[in-house]
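*Asks:* Take a look at this one; I'll ask things after.
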Amino acid sequence: MRRALLAPLLAAALTGCSFLGQDTPCTGADADSQVSAVWRPADFGGRDAARIRLCVDGTCEERTSGSPGDPFASLSVQLPDDIGASTVPVRLTVTSAKSGDTVVEDSTRARPAERHPNGTSCPPTVWTATFRAHPDKGLTSPEGMKLQG
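Using our numbering, the first residue of the sequence shown is number 2, and each one after it goes up by one.
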């Protein structure tokens, strides 16, 4: 009988369910509001063959394309946490590290989506948007992006 009582209690504790009407405690995951670009380094040639520059609402971040052996790379520009559902301008510029020539140039507007990394009733609330930096198409959706070569 004792085992029969402990099993449901253990299951409730492991799944994070509240017990006797108490609220589930919030986890401590932290997150930032941001717009990100992800890409396959192999799409841009050899090791660090290109410089990726992502600008969002006038703030820019830049890095090299990375190693072609890596499945993906990313770059993010932080947004104010109180940005809400407003739209922001996004600009991508990819230049050849060797020649300095522009390889890809694209711009769009992003409407970051509301996210709750610790659950809807727990802080923080952040706003995020993610694009794929595509070598031919510029800023595209990352949906369906294969992370293997």
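All C-beta atoms, glycine included, are put in the ideal place defined by N, C-alpha and C.
Rounded to the nearest angstrom, what separates Ile84 and Asp137 at their Cα positions?
*Replies:* For the purposes of this step, residue 84 is taken as the residue at position 83 of the sequence shown. For the purposes of this step, residue 137 is taken as the residue at position 136 of the sequence shown. Answer to the nearest angstrom: the Cα atoms are 31 angstroms apart.
*Asks:* Which residue from Val57, Ser75 and Thr60 puts its Cα closest to that of Pro143?
*Replies:* Locating residue 143 in the sequence shown gives position 142, where the first residue counts as 1. Ranking the options by Cα distance to Pro143, first place goes to Ser75.
*Asks:* Tell me which residues share the same chain as Asp58 and place their Cβ nearer than 7 angstroms to its Cβ, disregarding the 5 neighbours each side in the sequence.
*Replies:* Locating residue 58 in the sequence shown gives position 57, where the first residue counts as 1. Cβ within range, chain order: Val89 and Pro90.
*Asks:* Apart from the five residues just before and just after Cys56, which ones in its own chain have a Cβ nearer than 6 angstroms to its Cβ?
*Replies:* Indexing the sequence shown from 1 puts residue 56 at position 55. Excluding positions up to five away in sequence, the list reads Arg92.
*Asks:* Distance, Cα to Cα, Gly139 vs Pro26?
*Replies:* The residue you call residue 139 lines up with position 138 of the sequence shown. The residue you call residue 26 lines up with position 25 of the sequence shown. In this structure, the straight-line span from the alpha carbon of Gly139 to that of Pro26 is close to 42 angstroms.
*Asks:* Return the bridge partner residues of Gly139 from the DSSP annotation.
*Replies:* Taking the first residue of the sequence shown as position 1, residue 139 is located at position 138. His135.
*Asks:* At what residues does the beta strand (DSSP E) containing Asp107 begin and finish?
*Replies:* Translated into the one-based positions of the sequence shown, residue 107 becomes position 106. First-last of the beta strand (DSSP E) with Asp107: Thr103 to Ala111.
*Asks:* Tell me whether Asp102 is buried or exposed, calling it buried when 16 or more other Cβ atoms sit within 10 Å of its Cβ.
*Replies:* Counting from 1 along the sequence shown, the entry for residue 102 is found at position 101. Classification of Asp102: exposed, given that the 10 Å Cβ count is below 16.
*Asks:* Considering only DSSP beta bridges, list what Glu63 is partnered with.
*Replies:* Working through the sequence shown from its first residue, we reach residue 63 at position 62. Glu63 pairs with Arg54.
*Asks:* Helix or strand or just coil, what does DSSP make of Ala98?
*Replies:* Counted from its first residue, the sequence shown places residue 98 at position 97. Three-state result, Ala98: coil.
*Asks:* State the DSSP-derived secondary structure class of Ala43, mapped to helix, strand or coil.
*Replies:* Sequence index remark: in the sequence shown, residue 43 carries index 42 (1-based). Here Ala43 sits in helix by DSSP.
*Asks:* Distance, Cα to Cα, Ala111 vs His117?
*Replies:* Within the sequence shown, numbered from 1, the residue matching residue 111 stands at position 110. Within the sequence shown, numbered from 1, the residue matching residue 117 stands at position 116. Between the alpha carbons of Ala111 and His117 lies a gap of roughly 19 angstroms.
*Asks:* If you run the structure through DSSP and keep just helix, strand and coil, what is Ser77?
*Replies:* Counted from its first residue, the sequence shown places residue 77 at position 76. In the structure shown, Ser77 adopts extended strand secondary structure according to DSSP, grouped into three states.
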